[in-house]
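Novice:
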Amino acid sequence: MSSSELDTLIGTRWKKPPFIRRVWLRSALVLGGFLYLVLAIASVEVNWSRVYEGLERGAAFVAAFTTPDFTTRAADIREGMLESIVMTVAASVVGILISIPIGLGAARNLAPLPVYLVCRGIIAVSRALQEIIVAILLVAIFGFGPLAGFLTLSFATIGFLSKLLAEDIESMDRAQAEAVRATGARWTQWINYGVQPQFMPRLIGLSMYRLDINFRESAILGLVGAGGIGATLNTAFDRYEFDTAAAILILIIVIVMALEYLSGIVRSRVQ
Amino acid sequence: MATRTLPDGTRTWRRFTPSQSVVRWMGWLIGVAVFVWCWNRISESTTWFFVWDAPRIAGDIISRATPPKWPYVNELWWPIWDTLNIATLGTLGSLVMAVPVAFLAARNTTPSRFLVRPVALLIIVSTRSINSLIWALLLIAIIGPGVFAGIVAIAIRSVGFCAKLLYEAIEEIEQTQVEAIAATGASRWQVMLYGIVPQIMPALAGIAVFRWDINIRESTVLGLVGAGGIGLQLSASLNVLAWAQVAVILLIILAAVGLGEWVSAKVRGAII
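Respectively, the protein sequence lines represent chains W and U.
In terms of my numbering, the first sequence is residues 1 to 271.
In terms of my numbering, the second sequence is residues 1 to 272.
This is the structure in structure tokens:
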């Protein structure tokens, strides 16, 4: 800062510089945002008397968390939870197994262009479609039951894992891979000893994370008939059995927390 | 690292010692057994007759869905506007709740590490582990179906995500700037406003846009349980098996998701 600039500043009070410097852009953004908010809030119809009536039920639901009812529907809850866990485990295993070759194929430094494009296409399709929409379509095709949920979760796992795996492989250290290749290794040996050790820690970490996501997703697949705890939960809400719903939600939260804790341990061990 | 002696007396390199190999094989065996058991359970509760019939049904659905019924788009503009509002207002609402929670959860700003921090972390975990569709189900039971339930569901669901990323950003701030502000004699709130907030502002904006992108995706399906948006039309069309309308809705959802991702990538590129 030159001394003349300093001279003009002396005696004036410091003001926080604005986040966006250009005045017209700033005012346009503020005005546009304000206009949008007004329009959006005006278009939302809220039945306040209904909301007010609902507050009582909301309080009942919060109170239900202090007295969760695990026993009345114990058989339904056990079956649903077991089905959710079974779907999660099977879908994670199949998803991981399929996503490894696709991840390898989607890494530009390993795969030739045609393979790369095909694998990236699979990833894009899998990521663009949400689990619940895929589940609806698969239930329509394969019928109700956990098979549709299993296929949905496997499909979603492929998009998630392959993409992150491919990015990890693309940023790997070339020197190690080339050293293995220089020993005269075959392609499979090259992948196995030069590339795999580099992405393995991250793959294990991501797989644990995906297991966690799959369990959370499996809880809603039941809403569209794709198996799991979601159907039981939906029934509980429909009948206003808040204490049973609270019990299911507590179980979900506990399992998710346990999975997160477990994945934290696994990740700190492999990295 | 281990070596193995071949019958002719030479020694070769192996990756694992024998005991390591045994442990690994046991691990694989247990893993495979668990998977087979899971698969058997899925297989038991599957009607395989329907599965063998699946290719024919899939072909049937595709033939009914093509060509998509394009004039139906005109009935979708209002639901799309609702969907956008659910995502945007829901994200704004979640930020209002997430910022205080994040400050209470961050180790360097929490007022009490043993009382307040665990509560904040519990809020973060519990809102994050329950899907927005379940929140929507719950809120519909409480405040009735409609767009408002969707907005609140998205807002609550996003609190955990935003607060978690934000408190990690707060924990990573540079302490020297905070100390410099504190050294001028600033009060606790002034330190927060001038020492901490400017440092986390880029992170906050990035998180907001990132979550908005995810919320666009989630708000498109909230209507399936009655919480407003384009999902309502999807569920209505599915109920009457109007596959040509379903195709239009799915294409619109894909376009909206793509647009959301593009906008969020642009904005994040401009911020960071």
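All C-beta atoms in this analysis are idealised placements derived from N, C-alpha and C, irrespective of residue type, glycine included.
Please read these numbers as outputs of a predicted model, since none were measured by experiment.
#1: Examine chain U for any beta-carbon lying closer than 8 Å to the beta-carbon of W:GLU167, and answer yes or no.
#2: Could you check where the beta strand (DSSP E) with U:ARG11 kicks off and where it finishes?
#3: Closer than 8 Å, CB to CB, is U:TRP24 near chain W or not?
#4: Have a look at W:PHE144 and W:ILE136 and give me their C-alpha separation to the nearest angstrom.
#5: 8 Å is my cut-off, CB to CB: does W:ALA28 come that close to chain U?
#6: Tell me, which residues are paired with U:ARG4 by DSSP?
#7: Grab the span of the alpha helix (DSSP H) containing U:LYS164 for me, first residue to last.
#8: In whole angstroms, give me the CA-to-CA distance for U:GLY269 and U:ARG15.
#9: So, under 8 Å CB-CB, W:SER218 and W:SER27 are touching, yes? Tell me the CB distance rounded to an integer number of Å.
#10: Under 7 Å, CB to CB, which of the residues in the segment 27 to 39 of chain U have a partner in chain W?
#11: Taking 8 Å as the threshold (beta carbon to beta carbon), is U:LEU232 in contact with chain W?
#12: Could you confirm whether any beta carbon from chain W is found closer than 8 Å to the beta carbon of U:TRP189?
#13: Along the alpha helix (DSSP H) that carries U:ASN215, what are the first and last residues, could you check?
#14: Name the chain W residues that come within less than 7 Å of U:ALA54, Cβ to Cβ?
#15: Spatial neighbours of W:ALA247 within its chain, please: C-beta separation below 6 Å, excluding the five flanking residues on both sides.
#16: Name, going along the chain, the residues of the segment 237 to 258 of chain U whose beta-carbon falls closer than 8 Å to a beta-carbon of chain W.
#17: When you compare the CB positions of U:VAL225 and U:ILE140, do they come within less than 8 Å of one another, or not?
#18: Beta-carbon separation of U:ASN215 and U:ILE154 under 8 Å?
#19: Suppose contacts are defined by Cβ-Cβ distances below 8 Å. Is U:TRP70 in contact with U:VAL257 by that definition?
#20: Mind checking W:ASN109: buried by the 16 CB within 10 Å criterion, or exposed?
#21: Here's the rule I'm using: 16 or more other beta-carbon atoms within 10 Å means buried, otherwise exposed. How should U:PRO7 be labelled?
#22: Under 8 Å, Cβ to Cβ, is there at least one residue of chain U near W:GLN130?
#23: Taking a Cβ distance cut-off of 9 Å, strictly less, list which residues of the segment 216 to 240 of chain W are near chain U, in chain order.
#24: Check whether the segment 86 to 103 of chain U and the segment 150 to 166 of chain U touch, using three or more Cβ-Cβ pairs below 8 Å as the test.
#25: Using a beta-carbon distance below 8 Å, is U:THR83 in contact with chain B?
#26: Please report the distance separating the alpha-carbon of W:THR272 from that of W:VAL115.
#27: Just confirm the distance between the C-beta atoms of W:PHE215 and W:LEU164, as a whole number of angstroms; I'd bet it's less than 8 Å.
#28: Run through chain U and tell me which residues come within less than 8 Å of W:ILE96, C-beta to C-beta.
#29: Smallest Cα separation from U:PRO79: which of U:LEU259, U:ALA227, U:VAL209?
#30: Output, in chain order, the set of chain W residues within a Cβ distance shorter than 8 Å of U:ALA58.
#31: Give me, in chain order, the residues of the same chain whose beta-carbon lies closer than 8 Å to that of W:ARG210; leave out the 5 immediate sequence neighbours on both sides.
#32: Check whether the Cβ of W:GLY54 lies closer than 8 Å to any Cβ atom in chain U.
#33: So, does the CB of W:PRO114 fall closer than 8 Å to a CB anywhere in chain U?
#34: Considering Cα atoms alone, identify which of U:GLN190, U:ALA54, U:GLY195 is closest to U:THR176.
#35: Kindly list, in the order they appear in chain W, the residues whose Cβ is closer than 8 Å to that of U:GLY146.
#36: Taking only beta-carbon positions, decide if W:PRO146 is within less than 8 Å of chain U.
Specialist: By the coordinates alone:
#1: Judged by the 8 Å Cβ criterion, W:GLU167 is not in contact with chain U.
#2: 11 to 14
#3: The sequence shown places Arg at residue 24 of chain U, not Trp. Not one chain W Cβ lies under 8 Å of U:ARG24.
#4: Taking the straight line from one Cα to the other gives about 10 Å.
#5: no
#6: U:THR12
#7: Note, U:LYS164: alpha helix (DSSP H), 147 to 171.
#8: 44 Å
#9: At roughly 48 Å, the Cβ-Cβ gap does not stay under 8 Å, so W:SER218 and W:SER27 are not in contact.
#10: Here the close residues are VAL34, PHE35, CYS38, TRP39.
#11: no
#12: Interface flag for U:TRP189 against chain W is unset, since no Cβ pair is found closer than 8 Å.
#13: Note, U:ASN215: alpha helix (DSSP H), 197 to 221.
#14: ILE141, PHE142
#15: PRO68, ASP69, PHE70
#16: Answer in chain order: LEU238, LEU250, ILE253, LEU254, VAL257, GLY258.
#17: Contact flag set, yes.
#18: Result yes, Cβ atoms of U:ASN215 and U:ILE154 sit closer than 8 Å.
#19: no
#20: Result: exposed.
#21: exposed
#22: Contact of W:GLN130 with chain U is assigned, a C-beta pair being separated by under 8 Å.
#23: Taking 9 Å as the upper bound on Cβ-Cβ separation, chain U lies near residues ARG216, GLU217, ALA219, ILE220, LEU223, VAL224, GLY227, GLY230, LEU233, ASN234, PHE237, ASP238, TYR240 of the segment 216 to 240 of chain W.
#24: yes
#25: The question asks about chain B, but that chain is absent: this structure's protein chains are W and U.
#26: Since the displayed chain W opens at 1 and closes at 271, residue 272 of chain W lies outside it and no answer follows.
#27: The Cβ separation is near 19 Å, so there is no contact.
#28: What W:ILE96 touches in chain U: nothing, since even the nearest Cβ is about 11 Å away.
#29: For the residues U:LEU259, U:ALA227, U:VAL209, the minimum Cα distance to U:PRO79 belongs to U:ALA227.
#30: ILE141
#31: Spatial neighbours of W:ARG210 in its own chain (CB-CB distance under 8 Å, excluding positions within 5 residues in sequence) are listed in chain order as SER92, GLY95, ILE96, THR157, PHE160, LEU161.
#32: yes
#33: no
#34: U:GLY195
#35: The answer, in chain order, is GLU45, VAL46, ASN47.
#36: So yes, W:PRO146 belongs to the interface.
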